[in-house]
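>
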Amino acid sequence: MSELFDPNDKKNKPILDYFENKSWLVVEVSSSTRNSLKKTIAQLGSKMANMYDADNFVDAQNLLNSKKPHFILGNKIINGGSTISLFDSHLKAVPNRMNGGFFIITDENSLAEVALSLEYDMDGIISTPFTGFTILDTLISGVKHKLAPTPYLKKIEEGRDRYINGHLDSARESFQTALSLHKHPYEGHYFLGKIYSDNHLQDEAIHSYEESIYHNSEFFKSLKNLSSLYYQKKEYIKAYDTNLLMANKYPTSPDRIPELIRLSIINQKYEDIINYLKVFHTIESPGPEVQIYLSAGLAILGKYFLNCNDSEKGIEALKGSLKFSNGKHEILKSITESFQKYNQLNILFDLFEKIDVSNWSFESQGIYFHTLHSVSSDDQRVVMTGEKLLKNKVREILVYKGLIERGIKMQRKIGYIENLVLEGTRNLPEYKDELESLLKKASQNLSTSNSV
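Numbering follows the numbering used here, in which position 248 of the sequence shown is assigned residue number 254; successive positions increment by one, without gaps.
Following this line, the structure appears as structure tokens:
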């Protein structure tokens, strides 16, 4: 029997009474771990007959839908998905959170995991390796406030239940009543803000969230929603300041990095992006949207450092931008312009040489060729690369221009230049004047060389 929890101790009777009739869903790949977790839960008073288990997402979802367990305890990563994806369904199955809870086991012990628990309003996160002591301590800590809820908490949960089930008017009445039951009813104001926001009443929602923060300046959910509303209303300074309050208290959720980078750029707080890069490195599998926004932010950060004559930081930021750009044309264009402006294209070309650019868009492959043409003295390589791109239907103006300019340098026959101009004009008619100007230059150079 665990030394942490003694069921014979009278002070633990409320815990035993609370868990006695509660049902559980345990989600874990390992059968031995599932059995161990259930035995540990049983120490708190829950009955084995009220425990269900699954080793994959589909079975877990089916059990949740059919059994509607009060509590879920599961590994973050399971066969076929993540236990976290069950959270919203569990919230609907058990809307009154005084009677239920959600706990996650994770292999990571990072700030990103803490942010995750805040985003989803979980009752606890358990990091591996864990012991029976760890499990019991986390479960008890997560339900302590539920053992004997105050009238205020009861009214909040009544309103939450109504809100989740779509009864917004009666939910609003519950939350309004809750405001008079506590000296600092920050949760009541928070839920009123959600209802106003759902009804597209942004000003009323902002007022409610501001009231919530007045009563609790560190309440994460109100800070987060208020920041988003400020951003939607283009009140960027307020949005940035609100995020600063959050950053001083809580770790940054990876999902919020895109919005935070946009705010930093709008408010010209470029060096903030370095902090988001640190968060990014804690993410196990960052999504493409997060990568693209981080890349765009680093591109701007690199340009900022270069303008401040800090070439070392500027180049490092641009390297990071390229790494996370996934070949996105707009970002590559910005990176290339920054390297070119400060005569550092050779660094960019060395980076390009380590990347398989064949998977990039045609526009992005055009930027690669432009860089090759700009830095390489190997005429044959430049020409062979450009012609191969055209053969592969990479019909970009940078490819045509590079080949024509290289042909002029090599004093190729005018017919070669004419064919490139004719093909380029046919495929890219909007660049007709520019291409014909290059042909005129080639003709003049040829005439000059012949006269000599």
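The beta-carbon is built from N, C-alpha and C at its ideal position, and this holds for glycine as well.
Do the CB positions of residue 164 and residue 102 come within less than 9 Å of each other?
yes
> Mapping the DSSP letters down to three states, classify residue 59 as helix, strand or coil.
strand
> From which residue to which residue does the beta strand (DSSP E) around residue 355 run?
Run containing residue 355: none in the beta strand (DSSP E); it sits in the alpha helix (DSSP H), 351–358.
> Using 10 angstroms around the beta-carbon of residue 438, count the other beta-carbons present and answer buried if the total reaches 16, otherwise exposed.
Exposed, since its Cβ has fewer than 16 Cβ neighbours within 10 Å.
> Of the residues 53, 168, 233, 157, which one's Cα is nearest the Cα of residue 184?
157
> At the level of alpha carbons, what is the spacing between residue 155 and residue 39?
32 Å
> With burial defined as no fewer than 16 other Cβ atoms inside 10 Å of the residue's Cβ, what is the status of residue 5: buried or exposed?
Residue 5 is absent from the model: the chain starts at 7 and stops at 458.
> What are the partner residues of residue 366, as DSSP defines its beta bridges?
Answer is none; residue 366 lacks a bridge partner.
> Find the nearest neighbour of residue 159 within the set 17, 56, 189, judged by alpha-carbon distance.
189
> Please state the DSSP three-state secondary structure of residue 361.
coil
> Output the boundary residues of the alpha helix (DSSP H) element that contains residue 139.
138–149
> Check whether the Cβ atoms of residue 131 and residue 43 lie closer than 9 Å to each other.
no
> Can you give me the start and stop residues for the alpha helix (DSSP H) that residue 306 sits inside?
294–313
> Would residue 229 and residue 203 be called neighbours here (beta carbons separated by less than 9 Å)?
It is not a contact, given that the beta carbons lie outside the stated cut-off.
> Do you know whose CA, among 227, 224, 272, 258, lies nearest residue 246's CA?
272
> Note down, one range per segment and in chain order, each alpha helix (DSSP H) of at least 4 residues found wholly within the segment 218–264.
226–238, 242–255
> For residue 333, I'd like the list of residues in its chain whose CB is within less than 6 Å of its CB, leaving aside the five on either flank, ordered along the chain.
366, 370
> Which of the three DSSP states, helix, strand or coil, is assigned to residue 33?
strand
> May I ask you to report which of helix, strand or coil DSSP gives residue 273?
coil
> How long is the line joining the alpha carbons of residue 401 and residue 239, rounded to whole angstroms?
42 Å
> Please classify residue 377: does DSSP put it in a helix, a strand, or coil?
helix
> With a Cβ-Cβ cutoff of 9 Å, do residue 382 and residue 355 count as a contact?
Yes, Cβ-Cβ distance for residue 382 and residue 355 is below 9 Å.
> Would you kindly check if the distance between the Cβ of residue 403 and the Cβ of residue 434 is under 9 Å?
yes
> Do residue 308 and residue 344 have their C-beta atoms within less than 9 Å of each other?
In contact: residue 308 and residue 344 (Cβ atoms closer than 9 Å).
> Apart from the five residues just before and just after residue 357, which ones in its own chain have a Cβ nearer than 7 Å to its Cβ?
325, 328
> Got a sec? Which residues, its chain only, sit under 7 Å from residue 445 by beta carbon, not counting five neighbours each side?
Once the five neighbours on either side are set aside, the close Cβ partners of residue 445 are 423, 424, 427.
> First and last residue of the beta strand (DSSP E) that includes residue 79?
Membership of residue 79 in the beta strand (DSSP E) is indicated by the continuous run 77–81.
> For residue 252, is the classification buried or exposed, using 16 other Cβ atoms within 10 angstroms of its Cβ as the cut-off for buried?
Buried, by the Cβ-count rule.
> Pull up the DSSP beta-bridge partners for residue 112, would you.
133
> By DSSP's criteria, residue 87 is part of a beta bridge. Which residues make up the other side?
84
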